[in-house]
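Numbering (this note's numbering), first residue to last: 4 to 420.
Cβ atoms here follow ideal geometry from the backbone N, Cα and C, with glycine treated the same way.
Treat the numbers as computed from the prediction; the structure is a model and nothing was measured.
Notes follow once the structure below has been shown.
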Ligand code: GDP
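Following this line, the structure appears as structure tokens:
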């Protein structure tokens, strides 16, 4: 039997009966909430539940320890392709028990520029996952939970490898799209004449409880021999579940610094359109108050391509220094957004500091030939976007300083050739 109490509740909105339009809108759909999410969404308050799992799973670490002890489960590890490697839980090989099958889901693929090369991204993901302690990957799926892309193929693969007795665990950092993925599993399945939905929100950390969903509400999605019982059935021994696990909080993800309005500014709603600049030595490229890269030393202009929802600006390094010095005293009308709001808010926002000093980018003949169209490396600000550096001439060395709030959330990725 599952050691912790799982938290599944089907709730009707409290005002549903009073509001005819809402009643119609949600007639066919009931929502599955953990108690915390329900209170957060409809009563705007956080409750602390006294259920036993919460006492046990008070920290991310205890949850991951629990996972390590699990055997014969299907693990769905989900990452946000727009925030990679920032959204990857480090050292997962040590944290996932050896007898579990791990499928890697790279979500939010709809945000990448059109015409991306699927194979190339998979090779690249594999390489980076291995560097960050995840080699044990059964298969990689590039998905969009929001748009239902590749979800059927993913479900088919799960059905193929899933044994009759296996539970499924969905793990990932906060905000990678775990709830949205479950919704895409649920979307096309109707149980007892109703559709279900779990909460999904741009507020990081909305899935804090472990939400256990009996597999049979997904129909045949995960294989025909599902030994699941009906919702609210007390015979828990026989139930098999898909567990939506508490999001693992990665302190390096920059969205932890942002409030709701600011988050909306950085989360892209559709595929990103890259913007390429000619970048000269002595210049600085700014992403609001969240990121900055200075081209400190070099002999020639290079090419820098920005992938971000935020407006980017190029100015001289001296001017950039001045702007950030004054940021906390700006009125509403400044251009280094986010942060946004009152002077108090700007004052409280963590100072942008150098997180990487003297990043050297060089090129040789082979690299130059191979990277004429693509770039040599990416500098990533977790969740905010990235810029690709290219066009460095043979024999040149370009030197950069990279900045971020509190020096957090910056990664350098080599582009595999
Ligand atoms: P969780 O914390 O891992 O459960 O993440 P959520 O499911 O709540 O999703 C976090 C945010 O990412 C929400 O704003 C979702 O709308 C968004 N999101 C989730 N999946 C996708 C996707 O496939 N594409 C895009 N563009 N956004 C997504």
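Which residues in the same chain as residue 400 place their Cβ atom closer than 6 angstroms to its Cβ, once the five residues preceding and following it in sequence are excluded? On the chain shown, residue 400 is found 397 positions in, with the first residue counted as 1. The residues are 363 and 365.
Just checking residue 253 against the ligand GDP - is the residue's beta carbon closer than 8 angstroms to any of the ligand's heavy atoms? Along the chain shown, one-based indexing puts residue 253 at 250. No.
Is any beta-carbon of chain B found at less than 9 angstroms from that of residue 158? Considering every chain present, this structure includes no chain B. It has just one protein chain.
Would the C-beta of residue 175 count as close to the ligand GDP, meaning under 8 angstroms from any of its heavy atoms? Within the chain shown, the letter at position 172 stands for residue 175. Yes, the Cβ of residue 175 comes within 8 angstroms of a heavy atom of the ligand GDP.
Within 10 angstroms of the Cβ of residue 264, are there 16 or more other Cβ atoms? Answer buried if so, exposed if not. As a position in the chain shown, residue 264 is number 261, starting the count at 1. With fewer than 16 other Cβ atoms within 10 Å, it is exposed.
Any heavy atom of the ligand GDP closer than 8 angstroms to the CB of residue 132? Taking the chain shown and counting its residues from 1, one reaches residue 132 at position 129. No - the ligand GDP has no heavy atom lying nearer than 8 angstroms to the Cβ of residue 132.
If we call anything under 9 angstroms between Cβ atoms a contact, is residue 189 one with residue 161? Residue numbering aside, residue 189 sits at position 186 when the chain shown is read from its first letter. Residue numbering aside, residue 161 sits at position 158 when the chain shown is read from its first letter. Contact flag unset, no.
Any heavy atom of the ligand GDP closer than 8 angstroms to the beta-carbon of residue 2? Lying outside 4 to 420, the shown extent of the chain, residue 2 is not represented and no answer is given.
Taking C-alpha atoms, which residue in 114, 87 and 175 lies nearest to residue 95? Counting from 1 along the chain shown, the entry for residue 95 is found at position 92. Answer by Cα proximity: 175.
Which of helix, strand or coil DSSP assigns to residue 90: Here residue 90 refers to the residue found at position 87 of the chain shown. Correct three-state label for residue 90: coil.
Any heavy atom of the ligand GDP closer than 8 angstroms to the CB of residue 114? Position 111 of the chain shown holds residue 114. Yes; taking the cut-off as 8 angstroms, the Cβ of residue 114 has a heavy atom of the ligand GDP nearer than that.
Can you tell me whether residue 294 is buried or exposed, with buried defined as 16 or more other CB within 10 angstroms of its CB? The residue you call residue 294 lines up with position 291 of the chain shown. So residue 294 ends up on the buried side.
Assuming residue 169 contacts residue 385 under a Cβ cut-off of 8 angstroms, what Cβ separation, rounded to an integer in Å, is found between them? In the chain shown, residue 169 corresponds to position 166, counting from 1. In the chain shown, residue 385 corresponds to position 382, counting from 1. With a Cβ gap of about 32 angstroms, residue 169 and residue 385 do not count as contacting.
Can you give the beta carbon distance from residue 73 to residue 103, rounded, assuming they're within the 8 angstroms contact cut? Start at 1 with the first residue of the chain shown, and residue 73 comes out as number 70. Start at 1 with the first residue of the chain shown, and residue 103 comes out as number 100. Right, their Cβ atoms sit about 6 angstroms apart.
Short of 8 angstroms in beta carbon distance, which residues of its chain neighbour residue 404, apart from the five on each side in sequence? Order them along the chain. Position 401 of the chain shown holds residue 404. Excluding sequence neighbours, residue 404 sits near 296, 297, 299, 357, 359, 360, 361 and 362.
Rank 332, 133, 273 and 120 by C-alpha distance to the C-alpha of residue 93 and give the top, closest one. The residue given as residue 93 occupies position 90 in the chain shown. Considering only alpha carbons, the answer is 133.
With a Cβ-Cβ cutoff of 9 angstroms, do residue 217 and residue 243 count as a contact? By 1-based counting over the chain shown, the position of residue 217 is 214. By 1-based counting over the chain shown, the position of residue 243 is 240. A contact, by the Cβ cut-off of 9 angstroms.
Considering only their Cβ atoms, is the gap separating residue 77 from residue 90 smaller than 9 angstroms? In the chain shown, residue 90 corresponds to position 87, counting from 1. In the chain shown, residue 77 corresponds to position 74, counting from 1. Not closer than 9 angstroms, so no.
C-alpha distance - residue 392 paired with residue 154, whole-angstrom precision: Position 389 of the chain shown, counting from 1, holds the residue named residue 392. Position 151 of the chain shown, counting from 1, holds the residue named residue 154. The straight-line gap from Cα to Cα measures roughly 33 angstroms.
Under 8 angstroms from any heavy atom of the ligand GDP, does the C-beta of residue 183 make it? Against the chain shown, residue 183 aligns to sequence position 180. Answer for residue 183: yes, Cβ within range of the ligand GDP.
Take every Cβ of the segment 411-418, pair it with every Cβ of the segment 332-349, and state whether three or more of those distances are shorter than 8 angstroms. no
Considering only residues of the same chain and omitting the five flanking positions on each side of residue 308, which have a CB-CB separation below 6 angstroms? Counting from 1 along the chain shown, the entry for residue 308 is found at position 305. So the qualifying residues of the chain are 277, 279 and 391.
Quick check on residue 388: buried or exposed, where buried means 16 or more other Cβ atoms within 10 Å of its Cβ? In the chain shown, the residue the question calls residue 388 occupies position 385. Buried, since its Cβ has 16 or more Cβ neighbours within 10 Å.
Which ranges would you report for the beta strand (DSSP E) in the segment 272-333 if only whole runs of at least 3 residues count? 278-282, 286-290, 294-300, 305-311 and 315-319
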